[in-house]
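*Asks:*
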Amino acid sequence: MRIIKQMFILAAISAVLVSCTEEFEVNVNAADTQIVVEANLNNKEPITVTLSSSVNFKDDNEFPPVVGATIVITDNLGNNETLKETSKGKYVGSTVIGIAGRSYTLNIKSNDKIINSECTISNEVNFDKLTVKVSSGGGGGGSGGGEGTQHGIIV
């Protein structure tokens, strides 16, 4: 009797596990092409923007550049500049440099697509003290143990 009860429980668990699966397919290649924007604005050099097009999931990771776009950056004081395309998909400014406390608007027009983005550059944070702590040993270095070095930064 006990064996029959155990077999019944095992059959019930097996039925639950098998019946709880359902296969479905996700179409990851159905997305429309989008413009990918990579912009860099800092206080050291003029803005650079790289435009490329997205690709489907199963395609090679070669992202075609977006050429012929019009890109304008404007700050909250009214200064603006139209970026120049220096190579396929790469646009560079010459006068607008990021300044802490200012807000910037990036306007991109490519064919029938318009992209706008806004950001504010935060004020710098000064450190009172910066200490780097280095310690050795302790079995670092992943599986298998061995010597390891740890670096810690204390602000």
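Quick note on numbering: the working numbering labels position 137 of the sequence shown as 125, and the sequence is numbered without any gaps.
Heads up, the beta-carbon is just placed ideally off N, CA and C, and yes, glycines get one too.
Everything numeric in this text was worked out from a predicted model, so none of it was measured.
Thinking C-alpha only, which one of 67, 138 and 14 is nearest residue 121?
*Replies:* The count along the sequence shown starts at 1 and reaches residue 121 at position 133. Residue 138 is the option with its Cα nearest to residue 121.
*Asks:* Terminal residues of the continuous beta strand (DSSP E) containing residue 25?
*Replies:* One-based indexing of the sequence shown puts residue 25 at position 37. Segment 23 to 28, the beta strand (DSSP E) holding residue 25.
*Asks:* Is the distance from the Cβ of residue 61 to the Cβ of residue 94 below 7 Å?
*Replies:* Taking the sequence shown and counting its residues from 1, the one referred to as residue 61 is at position 73. Taking the sequence shown and counting its residues from 1, the one referred to as residue 94 is at position 106. Taking 7 Å as the Cβ cut-off, residue 61 and residue 94 qualify as a contacting pair.
*Asks:* Check for me: the beta strand (DSSP E) holding residue 106 runs from which residue to which?
*Replies:* Position 118 of the sequence shown, counting from 1, holds the residue named residue 106. From DSSP, the beta strand (DSSP E) with residue 106 extends over 101 to 108.
*Asks:* Taking residue 119 as the reference, give the member of 141, 15 and 83 with the closest Cα.
*Replies:* Residue numbering aside, residue 119 sits at position 131 when the sequence shown is read from its first letter. Looking at the Cα atoms, 141 is the closest of the given residues.
*Asks:* Where residue 97 and residue 58 are concerned, what is the direct C-alpha to C-alpha distance, given to the nearest angstrom?
*Replies:* As a position in the sequence shown, residue 97 is number 109, starting the count at 1. As a position in the sequence shown, residue 58 is number 70, starting the count at 1. Using only the alpha carbons, I get a separation of about 5 Å.
*Asks:* Do three or more CB pairs link the stretch 29 to 44 to the stretch 78 to 88 at distances below 8 Å?
*Replies:* Flag = yes, the stretch 29 to 44 and the stretch 78 to 88 touch.
*Asks:* Which one of 12, 73 and 84 has the shortest CA to CA distance from residue 65?
*Replies:* Counted from its first residue, the sequence shown places residue 65 at position 77. Of 12, 73 and 84, the residue nearest in Cα terms is 84.
*Asks:* From the DSSP output, in three-state form, read off residue 85 for me.
*Replies:* Locating residue 85 in the sequence shown gives position 97, where the first residue counts as 1. If DSSP states are grouped into helix, strand and coil, residue 85 belongs with coil.
*Asks:* For residue 100, which option in 45, 23 and 63 has the closest C-alpha, if you only look at C-alpha atoms?
*Replies:* Here residue 100 is taken as the residue at index 112 of the sequence shown, counted from 1. Closest by alpha carbon: 23.
*Asks:* Considering only the alpha carbon of each residue, which of 63, 41 and 19 lies closest to residue 106?
*Replies:* Start at 1 with the first residue of the sequence shown, and residue 106 comes out as number 118. Answer by Cα proximity: 63.
*Asks:* In whole angstroms, what separates the C-alpha of residue 44 from that of residue 53?
*Replies:* To locate residue 44, count along the sequence shown from 1; it is residue 56. To locate residue 53, count along the sequence shown from 1; it is residue 65. Their Cα atoms are separated by approximately 15 Å.
*Asks:* Between 89, 88 and 56, which has its C-alpha nearest residue 75's C-alpha?
*Replies:* For this step, residue 75 is matched to residue 87 along the sequence shown. The option with the nearest alpha carbon to residue 75 is 56.
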